[in-house]
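Going line by line, the protein sequences match chains A and B. For the first sequence, the residue numbers in the working numbering are 99 to 211. For the second sequence, the residue numbers in the working numbering are 5 to 120. Don't be surprised by glycine CBs; every beta carbon is placed ideally from N, CA and C. Bear in mind that the values here come from a model prediction, so they are computed numbers and not experimental data. Here is the structure we will look at.
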Amino acid sequence: DSGVTQTPKHLITATGQRVTLRCSPRSGDLSVYWYQQSLDQGLQFLIQYYNGEERAKGNILERFSAQQFPDLHSELNLSSLELGDSALYFCASSAGTGVQEQYFGPGTRLTVT
Amino acid sequence: AQKITQTQPGMFVQEKEAVTLDCTYDTSDQSYGLFWYKQPSSGEMIFLIYQGSYDEQNATEGRYSLNFQKARKSANLVISASQLGDSAMYFCAMRAMDTGRRALTFGSGTRLQVQP
């Protein structure tokens, strides 16, 4: 158990809908990262937050947004969903100092039908 | 830009034998970190081992060791005494260490199957 929690574990929704994925980092970790894992794109970085502020953006679509709240949990919002958004979405967290290895949550498997 | 290449889509190894999973990388960063993660069939990503670009010694964590050859830009994972539970996907990843860019860049992964 990495200490990172993600809910829900599975999500099935229809095209055009909007969903929210939730992540709670390990206790004390200030950084949260979101990654998408799909068969055709592999593991891709989406976005990073540090202590409530956006730090870096990767290949995140404009239909996607995220935020980190004062209690450090984070949410990833996916809207106008398309079939191609079906993927495993991971949240990871790291400490603010040192090696800052990232610990991953169990992921949310999103299926868009 | 950073790039990770894992050229072995799949590997087989006999239980109790050692296996090496290959990873080469490319980066313009002077200071960087290399990471290996394990993804079992259950889906979670498990951090295994880390090597810093300025570390002189190869990293080891239990049965895992990282064969780091900086001049060749390779960071191969060696698993000694393979166990059935080692069957999984293995991902090599890297990130810059001296900038705000903390995101990991991943390779395409190697599926390891340990045979009894």
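With the cut-off set at 8 Å, would you say residue i and residue j are in Cβ contact?
i: residue 132 of chain A; j: residue 179 of chain A; result: no
i: residue 81 of chain B; j: residue 25 of chain B; result: yes
i: residue 109 of chain B; j: residue 6 of chain B; result: yes
i: residue 65 of chain B; j: residue 83 of chain B; result: no
i: residue 44 of chain B; j: residue 88 of chain B; result: no
i: residue 176 of chain A; j: residue 116 of chain A; result: yes
i: residue 202 of chain A; j: residue 49 of chain B; result: yes
i: residue 79 of chain B; j: residue 156 of chain A; result: no
i: residue 149 of chain A; j: residue 181 of chain A; result: no
i: residue 126 of chain A; j: residue 193 of chain A; result: yes
i: residue 56 of chain B; j: residue 37 of chain B; result: yes
i: residue 42 of chain B; j: residue 85 of chain B; result: no
i: residue 165 of chain A; j: residue 154 of chain A; result: no
Can you tell me where the beta strand (DSSP E) with residue i in it begins and where it stops?
i: residue 72 of chain B; result: 68-73
i: residue 175 of chain A; result: 172-176
i: residue 63 of chain B; result: Counting along the chain, residue 63 of chain B falls outside any beta strand (DSSP E), and DSSP gives it neither H nor E.
i: residue 37 of chain B; result: 36-43
i: residue 186 of chain A; result: 185-192
i: residue 8 of chain B; result: 7-9
i: residue 210 of chain A; result: 206-210
i: residue 95 of chain B; result: 92-100
i: residue 197 of chain A; result: Taken as a continuous stretch (DSSP letters only), residue 197 of chain A belongs to no beta strand (DSSP E), as it is neither H nor E.
i: residue 53 of chain B; result: 50-56
Shorter than 8 Å from the beta carbon of residue i to some beta carbon of chain A?
i: residue 45 of chain B; result: no
i: residue 54 of chain B; result: yes
i: residue 49 of chain B; result: yes
i: residue 121 of chain B; result: Since the first residue shown for chain B is 5 and the last is 120, residue 121 of chain B is missing from the structure and cannot be characterised.
i: residue 112 of chain B; result: yes
Under a CB-based cut-off of 8 Å, is residue i close to chain B?
i: residue 210 of chain A; result: no
i: residue 154 of chain A; result: yes
i: residue 106 of chain A; result: no
i: residue 131 of chain A; result: yes
i: residue 146 of chain A; result: yes
i: residue 201 of chain A; result: yes
i: residue 141 of chain A; result: yes
i: residue 205 of chain A; result: yes
Enumerate in chain order the residues of its own chain whose CB-to-CB distance from residue i is below 6 Å, with the five nearest sequence positions on each side excluded.
i: residue 117 of chain B; result: 16, 91
i: residue 118 of chain A; result: 173, 175
i: residue 77 of chain B; result: 28, 29
i: residue 39 of chain B; result: 54, 97
i: residue 18 of chain B; result: 119
Tell me which same chain residues have a C-beta within less than 7 Å of the C-beta of residue i, skipping the five on either side of it?
i: residue 134 of chain A; result: 142, 144, 185, 187
i: residue 106 of chain A; result: 206
i: residue 168 of chain A; result: 150
Can residue i be considered in contact with the ligand FAD, in the sense that its beta carbon sits closer than 7 Å to one or more heavy atoms?
i: residue 44 of chain B; result: Ligands are entirely absent from the displayed structure, and the ligand FAD is therefore not among its contents.
Output needed for residue i: all residues of its chain with C-beta closer than 8 Å, excluding positions within five of it in sequence on either side, in chain order.
i: residue 109 of chain A; result: 117, 119, 206, 207, 208, 209
Contacting positions in the segment 21-42 of chain B - beta carbon closer than 8 Å to chain A: 37, 39, 41
Residues from the segment 95-107 of chain B in contact with chain A, defined by Cβ distance under 7 Å: 95, 104, 105, 106, 107
The segment 171-198 of chain A: positions lying closer than 8 Å to chain B by Cβ: When C-beta distances to chain B are compared with 8 Å, the residues of the segment 171-198 of chain A below that value are 186, 188, 190, 192, 197, 198, in chain order.
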